[in-house]
Amino acid sequence: MLLVDTHAHLDEFENLKPILDKARRIGVVAIVAVGSSLETNLKILRIGEEFKGYVYPALGIHPWNLTSRPEDIEENFRLIEGEIGEAVAIGEVGLDFWIKTDRNIQVKVFKRAVELAVRYGKPLSIHSRGAWSEAFEIVKSMGVEKAVFHWYSGPEDVLNRILDSGYYVSATPAAQYSRYHIEAVKRVPLESLLLETDCPVVYRGVSSDPSSVVETAKAVSSIKGIPVDEVAEKTTRNAIKVFNIRA
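Residues 1221 to 1467 (our numbering) are what the sequence shown spells out, left to right.
Structure follows, in structure tokens:
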């Protein structure tokens, strides 16, 4: 069983090698490591260089990180554009209307990230909590070809529009217990689904790592009533297609 973790915050781990060795042993053949700020993007680039061909960098600016100085945001965008050739995606980017950060600022920054994705033909890894419809409308209206709505747990009508547009949704280990995430995963055909961990997020009291993508695969298998090997095969094929990676 070969798996791809399409959304991992590897910059948050102190000693990566044993963690990645563990992931390899259980069948993880590639990891998309997402950045969320200037500092984390720099770390992700270093990690991607150290584990080239296994860890694939995505560079982003998370809506939770917009409280930094405007010049830091500008520097981050310069870094992303300057290192765009090293990135398999723009992400993690998006909107979060459950936080206090000004929505107009969030939208402005997200649109700049979307512009880069369109200009350079990169897929987007999108955070859309509480702003599912708004994030989708921006992506669709700006002509994005490939997008992944990470850990989608939003309304069914927006999910249908996401799928009708040919975009993807990623499942996390929360598909083992989160009602809204389970409902979303149930409705997403395997052809439009990716697996991820969002590690090191804590699920049911246990910190995750890239090997936790096995739990995601098992959860999807249970929800859909299909063999876990089929889940792995099709979602890995999707990841290769979306991110243009070797796995």
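Where is the CB? At the ideal position from N, CA and C, for every residue including glycine.
- In the three-state scheme derived from DSSP, where H, G and I count as helix and E and B as strand, residue 1317 is classed as coil.
- Linking residue 1422 to residue 1283 through their CA atoms gives a straight-line distance of about 20 Å.
- Leaving aside the five residues that flank residue 1381 on each side, the residues in its chain whose CB is nearer than 7 Å to its CB run, in chain order, 1356.
- Secondary structure note for residue 1446: it is in no beta strand (DSSP E), with a DSSP letter that is neither H nor E.
- For residue 1264 and residue 1235, the gap between their C-alpha atoms comes out near 14 Å.
- Assignment of residue 1240 by DSSP, reduced to helix, strand and coil, places it in the helix class.
- For the options 1430, 1462, 1374, 1467, the alpha carbon positioned closest to that of residue 1405 is the one of 1374.
- Shortest Cα-Cα distance from residue 1304 to any of 1270, 1314, 1262, 1227 involves 1262.
- Taking C-beta atoms as the reference points, residue 1376 and residue 1347 fail to come closer than 9 Å.
- In the DSSP assignment, residue 1356 falls outside any beta strand (DSSP E) and within the unbroken alpha helix (DSSP H) covering 1352-1361.
- Closest in C-alpha terms to residue 1222, from the list 1287, 1378, 1454, comes 1454.
- In the assembly as shown, residue 1435 is a buried residue. Its beta-carbon has 16 or more other beta-carbons within 10 Å.
- A direct Cα-Cα distance of roughly 39 Å separates residue 1361 from residue 1425.
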